[in-house]
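Report on the structure given below.
2 protein chains.
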Amino acid sequence: MTSDTSTARRSSRTGETWTIAQVAEAFDVTHRTVRHYEDLGLISPERRGTQRVYHRRDRTRLGLILRGKRLGFPLEEIRTIIDLFDAPRGRRTQLEYVLDQIDERRTDLEQRLRDVQDAIAELGEFERRCRDDLGRLDHV
Amino acid sequence: MTSDTSTARRSSRTGETWTIAQVAEAFDVTHRTVRHYEDLGLISPERRGTQRVYHRRDRTRLGLILRGKRLGFPLEEIRTIIDLFDAPRGRRTQLEYVLDQIDERRTDLEQRLRDVQDAIAELGEFERRCRDDLGRLDHV
DNA sequence: ATAGTGCTTTACGTTTACGTCAACGTCAAG
DNA sequence: CTTGACGTTGACGTAAACGTAAAGCACTAT
Numbered sequence: 199m200t201s202d203t204s205t206a207r208r209s210s211r212t213g214e215t216w217t218i219a220q221v222a223e224a225f226d227v228t229h230r231t232v233r234h235y236e237d238l239g240l241i242s243p244e245r246r247g248t249q250r251v252y253h254r255r256d257r258t259r260l261g262l263i264l265r266g267k268r269l270g271f272p273l274e275e276i277r278t279i280i281d282l283f284d285a286p287r288g289r290r291t292q293l294e295y296v297l298d299q300i301d302e303r304r305t306d307l308e309q310r311l312r313d314v315q316d317a318i319a320e321l322g323e324f325e326r327r328c329r330d331d332l333g334r335l336d337h338v
Numbered sequence: 199m200t201s202d203t204s205t206a207r208r209s210s211r212t213g214e215t216w217t218i219a220q221v222a223e224a225f226d227v228t229h230r231t232v233r234h235y236e237d238l239g240l241i242s243p244e245r246r247g248t249q250r251v252y253h254r255r256d257r258t259r260l261g262l263i264l265r266g267k268r269l270g271f272p273l274e275e276i277r278t279i280i281d282l283f284d285a286p287r288g289r290r291t292q293l294e295y296v297l298d299q300i301d302e303r304r305t306d307l308e309q310r311l312r313d314v315q316d317a318i319a320e321l322g323e324f325e326r327r328c329r330d331d332l333g334r335l336d337h338v
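Rendered as structure tokens:
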């Protein structure tokens, strides 16, 4: 049940690789979820015959996808974001486009940041009031 | 088209009130969305005859709902959270339950906070690399 | 009186993000 | 050579979060 190196890794000149079951377990999702992300073009694992072979790159992407999900972004939007990281940046127009996109994303993320900070602050305030109430109960 | 006080407010001894169209516009959602939240029990506006009448309390809740959505929480979970703020806290057991819930929420929010901060940091790093590329183009 | 504007409910449609079979391929172990 | 364990592709199902008519009530303005 613990990591069995003989099956957990399959040697390759490009480094370690994983099966779908392994990445699914590692990220605590189902294989169906992983395949769904592939259907939407968010990851594209290597094929060895008919089998999917996942590399570190795929794991990185999967991590980005799941974090994006926790932040409430739809998968389609997540795709455009992580594609951005691999986008061609050779020509000036391409680079300027990418920088524009980065700015849009940042604006969005900064709104999220404010949202989380506000929510945590309000929760703290609410907790303080509750502890006050609790103190009054003790006092009597 | 600007704010018309004669229709924007309807006097009441409990302060200003709004129609469904007004709150929908104020929060940039459709009336259908507002009614959907009511169906799920997230808001419960006053009724005057058959018409819905929204008070400041309802606007506050709507703000919390939309912020929760931006953070990726499902509506059902949002309902339990904002209900928590109005939950009875008279008895010790109730207070302790509420404090427990607060802690759970905070854990969740702190994960979100890390997610956003990480995402912003990575975006910044990526932007730096892009600007480097751009600089190299200028240099040549 | 009638037309218009805004609100109401009812109800079916749609999109997203998977879950859940079904049916079949493949490879090592017994 | 058959039996598992694991992998594969459809294909249909489902829950959440609304969208989108359809059809009717209430008030106001002409």
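Going down the list, the sequences are from chains A and B. Quick note: to get this note's numbering, add 198 to the position in the first sequence (first position is 1). Quick note: to get this note's numbering, add 198 to the position in the second sequence (first position is 1). Ideal placement from N, C-alpha and C gives every residue a C-beta, glycine not left out.
Residue i to residue j span [Cα, whole Å]
i	j	result
B/D313	B/Q299	21 Å
A/R230	A/D237	10 Å
A/Y235	A/I241	6 Å
B/F324	A/F283	8 Å
A/P426	B/V221	Because chain A spans 199 through 338 in this model, residue 426 of chain A falls outside it and cannot be assessed.
A/G288	A/I279	18 Å
A/H253	A/A285	19 Å
B/A224	B/D330	43 Å
A/Q292	B/C328	10 Å
A/R246	B/R304	44 Å
A/L260	A/G266	10 Å
A/T200	A/H337	The pLDDT assigned to A/T200 is 34, lower than 50, so where the model puts this residue is not dependable, and the model offers no usable value.
A/R326	B/D316	29 Å
A/E320	B/D301	13 Å
A/R233	A/T248	14 Å
B/T215	B/D226	18 Å
A/L262	A/Q309	19 Å
A/T258	A/E275	17 Å
A/D281	A/G322	38 Å
B/T228	A/T228	35 Å
The alpha helix (DSSP H) enclosing residue i, as first and last residue numbers
i	result
A/D313	R290 to H337
A/V221	I218 to A224
Contact belief for residue i with residue j at Cβ below 8 Å, rounded distance in angstroms
i	j	result
A/L148	B/I318	What the structure shows of chain A is the stretch from 199 to 338, and residue 148 of chain A is not part of that stretch, so it cannot be assessed.
A/L311	B/R290	That belief does not hold up - the Cβ atoms of A/L311 and B/R290 are roughly 36 Å apart, past 8 Å.
B/G218	B/R250	This sequence places Ile at residue 218 of chain B; Gly is not what is there. Sure, about 5 Å apart at Cβ, within 8 Å.
A/G333	A/R277	That belief does not hold up - the Cβ atoms of A/G333 and A/R277 are roughly 51 Å apart, past 8 Å.
Cβ-heavy atom distance, residue i to the ligand ATP, below 8 Å
i	result
B/R246	For the structure depicted, the ligand ATP is absent and the ligand set is empty, with no information on it obtainable.
Fully enclosed by the region 238 to 288 of chain B, which alpha helix (DSSP H) runs are 4 residues long or longer? Listed in chain order, the complete alpha helix (DSSP H) runs (minimum 4 residues) inside the region 238 to 288 of chain B are 254 to 268 and 273 to 284.
Taking contact to mean 3 or more Cβ pairs, one atom from each stretch, closer than 8 Å, check whether the region 285 to 303 of chain B and the region 269 to 282 of chain A are in contact. no
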